[in-house]
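Novice:
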Amino acid sequence: MAEVKRKPRTRGNGQGTAYKLPSGKWRAEVTLGWEKVKDEETGKERKKRVYTTKSGFKRKCDALSYIEQYRNGTVQQQKKVTFKELYDKWEPTHNRSKSTMDCYAAAMKHFKPIWYFPVTEIDIDDLQECVDDCPKGKRTKENMKAVAGLLYAFGIPRHCIKENLNLAKYIQIRESSDESRKPALTLQDVEKIKKKIGKVKYADYVYAHCYLGFRPSEFLALDAAHYNAKEKAFVGGAKTEAGTDRTVTISPKIQGIISRLTKSKSSGAVFCDKDGSSMPVKTYRKAFYSVLDACGIDNPVTVIDGKEHHRLTPHSCRHTFATLMKRVEGADKDKLELMGHTSNEMLRYYQDVNFEDLRKITDNL
64 MAEVKRKPRT
74 RGNGQGTAYK
84 LPSGKWRAEV
94 TLGWEKVKDE
104 ETGKERKKRV
114 YTTKSGFKRK
124 CDALSYIEQY
134 RNGTVQQQKK
144 VTFKELYDKW
154 EPTHNRSKST
164 MDCYAAAMKH
174 FKPIWYFPVT
184 EIDIDDLQEC
194 VDDCPKGKRT
204 KENMKAVAGL
214 LYAFGIPRHC
224 IKENLNLAKY
234 IQIRESSDES
244 RKPALTLQDV
254 EKIKKKIGKV
264 KYADYVYAHC
274 YLGFRPSEFL
284 ALDAAHYNAK
294 EKAFVGGAKT
304 EAGTDRTVTI
314 SPKIQGIISR
324 LTKSKSSGAV
334 FCDKDGSSMP
344 VKTYRKAFYS
354 VLDACGIDNP
364 VTVIDGKEHH
374 RLTPHSCRHT
384 FATLMKRVEG
394 ADKDKLELMG
404 HTSNEMLRYY
414 QDVNFEDLRK
424 ITDNL
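Counting from 1, position 345 in the sequence shown corresponds to residue 408 in the working numbering; the numbering is continuous, with no gaps.
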């Protein structure tokens with residue numbers, strides 16, 4: 064009697080899936096639905112999958128069990144509130160004159176680069192960079208600090224923010240934005256980090272960050288699904304509105320790292336935590352300081368109101384990338400694309416960006 068070959072069992076649409084991570088742990092993934100998003104350049108609408116994931120399961124059956132619990136509604140998912148969602152919740156509750164609210168609304172627009180970041184993952188450097196990049200005068204920057212303070216005061220008692228800490232009070236208003244920017248790592252510092260790759264944990268993450276230029280939250284949100292191996296570029300890597308039309312080609316200096324981290328990985332965080340799940344900003348910040356310490360890079364700390372402020376933070380990697388770009392030739396609109404700045408949005412909207420133009424810059428970093 065001939066042996067009957069059975070087809071492998073597959074799970075139907077909407078039933079979720081489980082797959083093994085390079086770490087050996089399992090990840091559960093459930094599609095929640097599809098939403099329509101509009102391409103700002105073409106004006107066309109496309110469908111974008113909305114899903115939730117959870118990693119760290121030791122066995123596949125544990126991941127599948129979680130999926131069933133999630134679909135049956137027995138798993139309570141705590142949604143992370145974004146900066147924009149917090150503003151939308153707060154705005155109707157704040158009873159002030161129309162002119163005052165209009166000023167706050169105008170100030171809020173300059174926080175657009177972090178609108179879609181979870182509030183719990185935003186740090187003082189994210190807020191400060193938005194203020195520094197604001198092209199308006201001192202009054203607008205003061206309004207930015209004021210509205211950020213009001214949002215934190217609103218979010219803390221409502222448990223939207225875990226720590227009872229209003230980061231807005233640390234925002235600095237300076238005549239020159241350069242005075243309050245985090246300094247970049249020197250070329251000597253970058254070389255020290257490079258030499259520690261393979262010897263110091265997460266040295267490869269920090270080194271790669273210096274050649275990618277993303278904000279820390281964007282960097283940690285990079286998903287293998289957004290990596291174009293053929294073009295050697297991340298396309299729309301971050302989970303932000305600004306990131307959906309952003310392309311960053313990979314410098315040859317970190318291509319090996321990116322290839323290794325994305326190998327046999329169709330989705331999931333590229334710069335992940337030890338269990339393969341997305342790395343929290345706090346965890347990466349601690350790893351960053353440990354790497355600098357292991358490399359002998361001086362990073363003095365000052366204490367203000369009981370809170371430590373390091374001279375160099377993960378945001379310094381972004382400024383390092385910007386400094387490296389100053390050393391190479393390239394069109395301003397291409398450098399804007401690589402940095403993901405929104406202060407010149409119309410330039411990015413009307414001028415096409417292609418991989419070759421971007422690669423000319425990153426190949427020479």
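Heads up, the beta-carbon is just placed ideally off N, CA and C, and yes, glycines get one too. Note that this is a predicted model, so its numbers are computed, not measured.
With DSSP run on the structure shown, which of helix, strand or coil describes Y82?
Specialist: Three-state DSSP puts Y82 in a strand.
Novice: DSSP three-state label for A91, please.
Specialist: Strand, per DSSP.
Novice: For A81, is the classification buried or exposed, using 16 other Cβ atoms within 10 angstroms of its Cβ as the cut-off for buried?
Specialist: Buried.
Novice: At 4 residues or longer, and completely inside the region 252-312: list those alpha helix (DSSP H) runs for me, N to C.
Specialist: The qualifying runs are 266-273 and 279-284.
Novice: Which same chain residues, not among the five before or five after P279, have their C-beta less than 7 Å away from its C-beta?
Specialist: So the qualifying residues of the chain are V344, Y347, P377 and H378.
Novice: If you drop the 5 nearest sequence neighbours on each side, which residues of the same chain put their C-beta closer than 6 Å to that of R374?
Specialist: Once the five neighbours on either side are set aside, the close Cβ partners of R374 are N362 and P363.
Novice: With a cut-off of 8 Å, do at least 3 Cβ pairs link the region 250-258 to the region 219-231?
Specialist: As far as the Cβ criterion goes, the region 250-258 does not touch the region 219-231, which means the pair count is below three.
Novice: Just reading off the beta strand (DSSP E) that K370 is part of, what are its end residues?
Specialist: Unbroken beta strand (DSSP E) run through K370: K370 to H373.
Novice: Is it true that the region 204-223 meets the region 169-181, where meeting means three or more beta-carbon pairs spaced less than 8 Å apart?
Specialist: With the cut-off at 8 Å, the region 204-223 and the region 169-181 touch.
Novice: Between R202 and Q132, what straight-line distance do the alpha-carbon atoms span, to the nearest angstrom?
Specialist: Those two C-alpha atoms are separated by around 51 Å.
Novice: Where does G119 sit, in a helix, a strand or coil, going by DSSP?
Specialist: Strand, per DSSP.
Novice: Taking DSSP as the reference, what is the three-state secondary structure of S341?
Specialist: Strand.
Novice: Let's see if you can read the secondary structure: which residues bound the alpha helix (DSSP H) around E319?
Specialist: Glu is not the amino acid found at residue 319; the sequence shown has Gly there. That run of the alpha helix (DSSP H) goes P315 to T325.
Novice: Y274 and S322: beta carbons closer than 7 Å?
Specialist: No; because the gap between Cβ atoms is not below 7 Å, this pair is not in contact.
Novice: What is the DSSP secondary structure of E108, reduced to helix, strand or coil?
Specialist: Note: E108 maps to strand in three-state DSSP.
Novice: Starting from the C-beta of Y31, find all residues in its chain whose C-beta is less than 6 Å away, skip the five residues before and the five after it, and write them out in chain order.
Specialist: Examination of residue 31 is not possible in this model, given that the chain is present from 64 through 428 alone.
Novice: If you follow the alpha helix (DSSP H) that F217 is part of, which residue opens it and which one closes it?
Specialist: Its alpha helix (DSSP H) spans residues K201 to G218.
Novice: Scan the region 123-178 and note each continuous alpha helix (DSSP H) run of 4 residues or more that stays entirely inside, going in chain order.
Specialist: Whole alpha helix (DSSP H) segments, 4+ residues: 123-134, 146-153 and 161-172.
Novice: Tell me the DSSP secondary structure of T249 in three-state form.
Specialist: Three-state result, T249: coil.
Novice: What residues match up with V364 in a beta bridge as DSSP calls it?
Specialist: Bridge partners of V364: H373.
Novice: Please classify C358: does DSSP put it in a helix, a strand, or coil?
Specialist: The answer is coil: DSSP assigns C358 none of H, G, I, E or B.
Novice: Taking the C-alpha atoms as reference points, what is the distance between K389 and K123?
Specialist: Taking the straight line from one Cα to the other gives about 48 Å.
Novice: Measure the Cβ-Cβ separation of S340 and G87 and say whether it is below 7 Å.
Specialist: In this structure, G87 does not lie closer than 7 Å to S340 by Cβ.
Novice: For a test of the three-state rule: what should DSSP assign to C380, helix, strand or coil?
Specialist: DSSP places C380 in helix when its eight states are reduced to three.
Novice: Using the beta-carbon count (16 or more within 10 Å), is G261 buried or exposed?
Specialist: Classification for G261: exposed.
Novice: With distances taken from CA atoms, which of Y268, A266 and K204 is nearest Q191?
Specialist: When each option's Cα is compared against that of Q191, the closest is K204.
Novice: Looking at C-alpha atoms only, which residue of D286, H272, T310 and C380 is the closest neighbour of G331?
Specialist: Closest option to G331, Cα to Cα, is D286.
Novice: Can you tell me which residues form a DSSP beta bridge with A332?
Specialist: Answer is D286.
Novice: Using a Cβ-Cβ cut-off of 6 Å (strictly less than) and excluding sequence neighbours within five positions of C358, which residues of its own chain qualify?
Specialist: Result list for C358: K255, I256 and K259, in chain order.
Novice: With 16 as the cutoff for other CB atoms within 10 Å, does E281 come out buried or exposed?
Specialist: Buried, because 16 or more other Cβ atoms sit within 10 Å of the Cβ of E281.
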